[in-house]
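Undergrad: Handing you a structure now.
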């Protein structure tokens, strides 16, 4: 299945409109776009020669123009003792990226990356510590979904891997269209969640207007000065502004809104923080996911204890804010929340 696509033009990741442009470029009729989409996203071909709905001449034209299906196998995979699998994929010229498969009973979630590294520089996140090495293409995002061995079993996709999805919005929107469109993989938007620090209200508004996917916002403190210390994005894009924007949308029916809250011992896990968080979110149809901090190199932060997390959860629920504690998965293989770092190209893949 593996192809050298370094100097080629991948077809996966292209929307129907994009495939129509390809068809026009190589002299094929417009309806060839739907044929290509069907083979790429339903038939899941790995080579243009497998697109048998197209004539041999049409396939030759695509190949001669430098197009390939675009599928690439993971560079490596490592499995956690809890069944979570962390995959390494080719990323940008100087850093590869990771995706995480999380099986949980009948649910099978893939956490996909949208960038190599991240500009947000959150102090508790290994991805942010790597710096920013570039955005992924829609082809690279969709390849993560199509090219893991468990692809056919997936029930959910979360854009919670490496990078800030709203900072690479065009590629993320194309990937979501491929995932949800009837000519593509035809998934319900309810199976997809996009996580964001709220880096750009304009991009977040576009995401909300153009898609029906679930939204998860990283909050981590209800106090601006404290959040700023952990999340530099707070300076340019305050959480209060993001929440003000979210209040303009209806999350009572098909779409779910959640807030991610990583709990740090002695930093954001006391009653004062719980009460302030409840006040901040009151009136929003949302839930709060409490996440245990996973210690990373270079950080003095420590995880809150389970009893403290449970007390915090119960306090939010008593204040009318639905809160749950997210189970930690894949920590032993550095696949848990905040632990993805990819791999520099100077390192040898094994």
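In our numbering, the protein residues as written are 17 to 366. From the three backbone atoms N, C-alpha and C, an ideal C-beta is built for every residue, glycine too. Small disclaimer: the values here were computed from a predicted structure and weren't measured.
Identify whether residue 152 lies in helix, strand or coil by the three-state DSSP scheme.
TA: Here DSSP, grouped into helix, strand and coil, assigns residue 152 to coil.
Undergrad: Given a threshold of 16 other Cβ atoms within 10 Å of its Cβ, counted over all protein chains shown, does residue 263 qualify as buried or as exposed?
TA: exposed
Undergrad: For the putative contact between residue 87 and residue 212, defined by C-beta atoms under 8 Å, what is the C-beta separation to the nearest angstrom?
TA: Rounded, the Cβ-Cβ distance is 28 Å, inconsistent with contact.
Undergrad: Within this structure, are the beta carbons of residue 60 and residue 68 separated by less than 9 Å?
TA: no
Undergrad: Residue 307 to residue 197, Cα distance in whole Å?
TA: 32 Å
Undergrad: Going by C-alpha distance, which of 40, 142, 157, 275 is nearest residue 127?
TA: 157
Undergrad: My output table needs one value for residue 165: the three-state DSSP class, helix, strand or coil.
TA: DSSP places residue 165 in the coil class of the three-state scheme, outside both helix and strand.
Undergrad: With distances taken Cα to Cα, identify the nearest neighbour of residue 91 among 41, 115, 236.
TA: 115
Undergrad: Residue 146: buried (16+ other C-beta within 10 angstroms of its C-beta) or exposed?
TA: buried
Undergrad: Go through its chain and collect everything with a Cβ distance to residue 203's Cβ below 7 Å, but skip five positions before and after it.
TA: Closer than 7 Å at the Cβ level, and outside the excluded window around residue 203, lie 195, 196.
Undergrad: Check whether the stretch 131-144 touches the stretch 75-83, taking contact to mean three or more Cβ pairs, one atom from each stretch, closer than 8 Å.
TA: Segments in contact, no.
Undergrad: Going along the chain, which residues of its own chain have a beta-carbon closer than 6 Å to the beta-carbon of residue 365, five neighbours each way excluded?
TA: Because residue 365 carries a pLDDT of 48, less than 50, the predicted location of this residue cannot be relied on, and the following value inherits that uncertainty. Counting only Cβ-Cβ distances below 6 Å, and skipping sequence neighbours, we find 91, 92.
Undergrad: Helix, strand or coil, according to DSSP, for residue 92 in the structure here?
TA: Taken through DSSP and simplified to helix, strand or coil, residue 92 comes out as strand.
Undergrad: Starting from the C-beta of residue 253, find all residues in its chain whose C-beta is less than 6 Å away, skip the five residues before and the five after it, and write them out in chain order.
TA: 214, 215
Undergrad: Here's the rule: buried if 16 or more other CB atoms are within 10 angstroms of the residue's CB, otherwise exposed. What is residue 36?
TA: buried
Undergrad: Which residues in the same chain have their Cβ closer than 7 Å to the Cβ of residue 153, if we skip the five residues on either side of it in sequence?
TA: So the list reads 29, 187, once near-sequence residues are dropped.
Undergrad: According to DSSP, simplified to helix, strand and coil, what is residue 183?
TA: helix
Undergrad: What residues in its chain sit with their C-beta under 7 Å from that of residue 226, if we drop five residues either side in the sequence?
TA: 189
Undergrad: Taking 9 Å as the cut-off, decide whether the C-beta atoms of residue 283 and residue 102 are in contact.
TA: In this structure, residue 283 keeps its C-beta atom at 9 Å or more from the C-beta atom of residue 102.
Undergrad: From the DSSP secondary-structure annotation, give me the bridge partner or partners of residue 326.
TA: Partner(s): none; residue 326 has no beta bridge.
Undergrad: Starting from residue 51, trace the alpha helix (DSSP H) in both directions and tell me its first and last residue.
TA: Residues 48-53.
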